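Worksheet: one structure, shown below.
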Amino acid sequence: MDRLHGMTVFVAVAEEQGFAAGARRLGLSPAAVTRAVAALEERLGVRLLERSTRHVRVTEAGQRYLDDCRRLLAELDEADEAAAGLNAAPRGLLAITAPVLFGRMYVMPGIVDYLRRYPDTEVSAVFVDRVTNLLEEGYDVAVRIGELPDSGLRALRVGQVRRMICASPDYLARHGAPRNPSDLASHTIVASTGASTQPEWRFRENGGVRGYRVRPRLTVTSNDSAIEAIRQGLGLARLLSYQVAPLLASGALVPLLEQFELPPVPVNIVHREGRHGTARVRALIDLLVARLRGDPALAWTVA
Numbered sequence: 127m128d129r130l131h132g133m134t135v136f137v138a139v140a141e142e143q144g145f146a147a148g149a150r151r152l153g154l155s156p157a158a159v160t161r162a163v164a165a166l167e168e169r170l171g172v173r174l175l176e177r178s179t180r181h182v183r184v185t186e187a188g189q190r191y192l193d194d195c196r197r198l199l200a201e202l203d204e205a206d207e208a209a210a211g212l213n214a215a216p217r218g219l220l221a222i223t224a225p226v227l228f229g230r231m232y233v234m235p236g237i238v239d240y241l242r243r244y245p246d247t248e249v250s251a252v253f254v255d256r257v258t259n260l261l262e263e264g265y266d267v268a269v270r271i272g273e274l275p276d277s278g279l280r281a282l283r284v285g286q287v288r289r290m291i292c293a294s295p296d297y298l299a300r301h302g303a304p305r306n307p308s309d310l311a312s313h314t315i316v317a318s319t320g321a322s323t324q325p326e327w328r329f330r331e332n333g334g335v336r337g338y339r340v341r342p343r344l345t346v347t348s349n350d351s352a353i354e355a356i357r358q359g360l361g362l363a364r365l366l367s368y369q370v371a372p373l374l375a376s377g378a379l380v381p382l383l384e385q386f387e388l389p390p391v392p393v394n395i396v397h398r399e400g401r402h403g404t405a406r407v408r409a410l411i412d413l414l415v416a417r418l419r420g421d422p423a424l425a426w427t428v429a
């Protein structure tokens with residue numbers, strides 16, 4: 127129990143980046159937390175934390191130990207829940223992450239449903255357009271769009287989306303529609319990334335894949351802004367199909383160059399649960415899988 131206590135205290139201090147903050151999180155005195163970490167470092171014979179007057183940071187050895195502690199403590203929680211019964215009601219805090227627009231449009235309705243069904247649960251939802259590290263950042267579940275790298279995470283495929291060129295009917299009435307990717311050079315381009323002022327758009331062409339450098343007239347840092355710009359008739363943008371599904375359905379936007387699209391991109395729910403998943407995580411995953419697999423916007427194929 128002393129080893130388990132030391133690991134729990136170390137994780138709290140490392141994640142809160144301070145002994146006082148870690149003590150508040152655990153409901154212990156700062157002195158007790160300091161003693162526990164010191165005893166742990168003495169037993170291991172290695173410094174886990176670098177202390178200064180203002181900050182506490184994990185050392186390189188401490189980071190490796192922190193990852194192992196998180197995994198072991200999570201497995202202990204899972205074992206406790208499994209022993210309590212697989213049908214135990216979900217309870218406790220769960221952390222989930224997803225891309226910004228996908229999170230708002232498809233994940234948030236599921237979270238609201240989940241919280242209504244299970245009143246003893248809490249959810250921390252972080253929607254960001256970057257690939258997060260579930261273990262290091264403390265997430266239980268993530269939605270990933272794109273091919274998955276090899277990892278120790280478990281994955282459930284829930285659908286696929288297309289990379290599409292879209293424009294408004296008003297823009298096409300004024301400028302015409304491109305018939306092949308080379309025609310993009312004569313059109314106004316809206317780019318939804320700040321990574322490059324001259325992004326490359328790739329297409330299937332003549333049995334292979336060819337990239338075309340496009341020169342945006344407008345470059346924005348959010349997909350919402352790009353969608354609004356083309357909805358108002360400014361030009362063409364390349365987006366994922368789920369991002370514009372409602373506007374395509376209503377006719378406010380029109381898909382272009384569909385015969386040149388690359389293969390669809392998979393959508394997966396990934397999680398870091400062990401053999402026995404905790405009830406709260408299993409319940410959310412089951413709910414999201416059912417909702418997302420049943421959504422026609424995620425079942426589209428290339429025309």
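Under the numbering used here, think of the first position of the sequence shown as 127, with each following residue one higher.
Beta carbons: idealized from backbone N, C-alpha and C, even for Gly.
Since we're looking at a predicted model, the values are computed, not measured.
Query raised in the report: Helix, strand or coil: which one does DSSP assign to L360?
Result: Here residue 360 corresponds to residue number 234 of the sequence shown, with the count starting at 1. Looking at L360 - three-state DSSP - the assignment turns out to be coil, as it is neither helix nor strand.
Query raised in the report: Can you tell me where the beta strand (DSSP E) with L382 in it begins and where it stops?
Result: By one-based count along the sequence shown, residue 382 stands at place 256. It spans 380-382 - the beta strand (DSSP E) in which L382 sits, taken as one unbroken run.
Query raised in the report: Just to confirm, are I395 and L366 a CB contact at a threshold of 7 Å?
Result: Numbered from 1 along the sequence shown, position 269 holds the residue referred to as residue 395. Numbered from 1 along the sequence shown, position 240 holds the residue referred to as residue 366. Cβ atoms of I395 and L366: not closer than 7 Å.
Query raised in the report: Using 8 Å as the threshold, is the stretch 372-389 in touch with the stretch 255-268, meaning 3 or more CB pairs across them?
Result: no
Report task. May I ask you to report which of helix, strand or coil DSSP gives L178? Result -> The residue labelled residue 178 in the question sits at position 52 within the sequence shown. Checking the sequence shown, residue 178 turns out to be Ser, not Leu. Reduced to three states, the DSSP call for S178 is coil.
Report task. Have a look at V226, V172, L388, V233 and flag the residue whose alpha-carbon is nearest the alpha-carbon of V257. Result -> The residue given as residue 257 occupies position 131 in the sequence shown. Of V226, V172, L388, V233, the residue nearest in Cα terms is V226.
Query raised in the report: Rounded to a whole number of angstroms, what is the C-alpha to C-alpha distance between V391 and R288?
Result: Residue 391 sits at position 265 when you count from the first residue of the sequence shown. Residue 288 sits at position 162 when you count from the first residue of the sequence shown. Cα to Cα, the separation comes out at about 6 Å.
**Report entry** A149 beta carbon less than 7 Å from that of V184
**Finding:** Your numbering for residue 184 matches position 58 in the sequence shown. Your numbering for residue 149 matches position 23 in the sequence shown. No.
Query raised in the report: Does the Cβ-Cβ distance between F145 and V135 come in under 7 Å?
Result: Along the sequence shown, one-based indexing puts residue 145 at 19. Along the sequence shown, one-based indexing puts residue 135 at 9. No, the pair does not count as a contact, with Cβ atoms beyond the cut-off.
Query raised in the report: Just checking my contact of E383 with F329 at CB under 8 Å: how many whole Å lie between their CB atoms?
Result: Reading the sequence shown from its first residue, position 257 is the one you call residue 383. Reading the sequence shown from its first residue, position 203 is the one you call residue 329. Before going on, a small fix: residue 383 reads as Leu here, not Glu. Between F329 and L383 the Cβ distance is about 7 Å, and since that is below 8 Å, they are a contact.
Query raised in the report: Terminal residues of the continuous alpha helix (DSSP H) containing F145?
Result: On the sequence shown, residue 145 is found 19 positions in, with the first residue counted as 1. First-last of the alpha helix (DSSP H) with F145: 145-152.
Query raised in the report: Taking Cβ positions, are A355 and S318 nearer each other than 7 Å?
Result: Residue mapping note: residue 355 aligns to position 229 of the sequence shown, counting from 1. Residue mapping note: residue 318 aligns to position 192 of the sequence shown, counting from 1. Taking 7 Å as the Cβ cut-off, A355 and S318 do not qualify as a contacting pair.
Requested in this report: Quick one: using the 10 Å Cβ neighbour count with 16 as the cut-off for buried, is G132 buried or exposed?
Outcome: Taking the sequence shown and counting its residues from 1, the one referred to as residue 132 is at position 6. Buried, because 16 or more other Cβ atoms sit within 10 Å of the Cβ of G132.
**Report entry** P245 to L219 span [Cα, whole Å]
**Finding:** Indexing the sequence shown from 1 puts residue 245 at position 119. Indexing the sequence shown from 1 puts residue 219 at position 93. The alpha-carbon atoms of P245 and L219 are separated by roughly 11 Å.
Query raised in the report: Which residues in the same chain as I291 place their Cβ atom closer than 6 Å to its Cβ, once the five residues preceding and following it in sequence are excluded?
Result: Position 165 of the sequence shown, counting from 1, holds the residue named residue 291. Correct list, in chain order: L362, R364, L382, L383.
Query raised in the report: Cα separation between D350 and R197?
Result: By one-based count along the sequence shown, residue 350 stands at place 224. By one-based count along the sequence shown, residue 197 stands at place 71. Their backbone Cα atoms lie some 37 Å apart in a straight line.
Requested in this report: For F253, collect the residues of the same chain with a Cβ closer than 6 Å to its Cβ; drop the 5 residues on either side in sequence, then sort them by chain order.
Outcome: In the sequence shown, the residue the question calls residue 253 occupies position 127. Correct list, in chain order: A224, V226, G229.
Report task. For L261, collect the residues of the same chain with a Cβ closer than 8 Å to its Cβ; drop the 5 residues on either side in sequence, then sort them by chain order. Result -> Locating residue 261 in the sequence shown gives position 135, counting from the first residue. So the list reads D193, R196, R197, R398, once near-sequence residues are dropped.
Query raised in the report: With 16 other CB atoms within 10 Å as the buried threshold, where does T345 fall?
Result: To locate residue 345, count along the sequence shown from 1; it is residue 219. With 16 or more other Cβ atoms within 10 Å, it is buried.
Requested in this report: Return the Cβ separation of L388 and G285 in integer angstroms, given the expectation that the two are a contact with Cβ distance under 8 Å.
Outcome: For this step, residue 388 is matched to residue 262 along the sequence shown. For this step, residue 285 is matched to residue 159 along the sequence shown. Going by Cβ atoms, the distance from L388 to G285 rounds to 16 Å, so no, they are not a contact pair.
Query raised in the report: Between the C-alpha atoms of R242 and P156, what's the straight-line distance to the nearest angstrom?
Result: Sequence index remark: in the sequence shown, residue 242 carries index 116 (1-based). Sequence index remark: in the sequence shown, residue 156 carries index 30 (1-based). So the alpha carbons of these two residues sit roughly 37 Å apart.
Requested in this report: With a threshold of 16 other CB atoms inside 10 Å of the CB of R270, please say whether the residue is buried or exposed.
Outcome: Indexing the sequence shown from 1 puts residue 270 at position 144. So R270 ends up on the buried side.
Query raised in the report: Thinking C-alpha only, which one of V340, V407, E167, P307 is nearest V249?
Result: Walking along the sequence shown from the start, residue 249 turns up at place 123. Minimum Cα distance to V249 is reached at V407.
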